[in-house]
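Numbering (the numbering used here), first residue to last: 2 to 136.
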Amino acid sequence: LNQLKSLAESGLVVGHVAAMPDVHLGKGATVGSVFASDEWVAPNAVGVDIGCGMAAVPFPTLKRSDLTPDMCEAIRRKIKLRIPTGFSEHGSPLPNAVEFLERQLDEKTTETPCSRWLRENLNEKHAKQIGTLGG
């Protein structure tokens, strides 16, 4: 919370700082924070956790008024049960996760020292973190 407050008071931010469901302490910038800035570029705010993959999905036929507090709590519990958060990960990789990572490296990268390093260091831990909020 202190890291988010410091960011909000830094003069870098225009408007509000938002905390996403995967928010956690970061090195310099809070991982899972979102903010706008007019005059500044903050590479650490992106580079620390780039590609973490949070997404908001609209449900056009569902209104907030359709959900009771008990329904919201039941949804939250099911998400928490099925999707690891923070520093947690799946007990074993999701089906095809290793193949997915290898295919992404093949399709999205060229042969560079960085891509070679990724390929050589890709391991089961990376595959266990696909489909998490944090990890």
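Cβ coordinates follow ideal geometry from the N, Cα and C atoms, glycine included.
- A direct Cα-to-Cα measurement between Gly92 and Val15 gives close to 40 angstroms.
- Residue range 70-83 is occupied by the alpha helix (DSSP H) that includes Asp71.
- Rounded to whole angstroms, the gap between the alpha carbons of Cys115 and Lys64 is 45 angstroms.
- With 16 or more neighbouring CB atoms inside 10 Å of its own CB, Pro94 falls in the buried class.
- Annotation for Arg120: Leu106 place their beta carbon closer than 7 angstroms to its own, counting only its chain and skipping 5 residues before and after.
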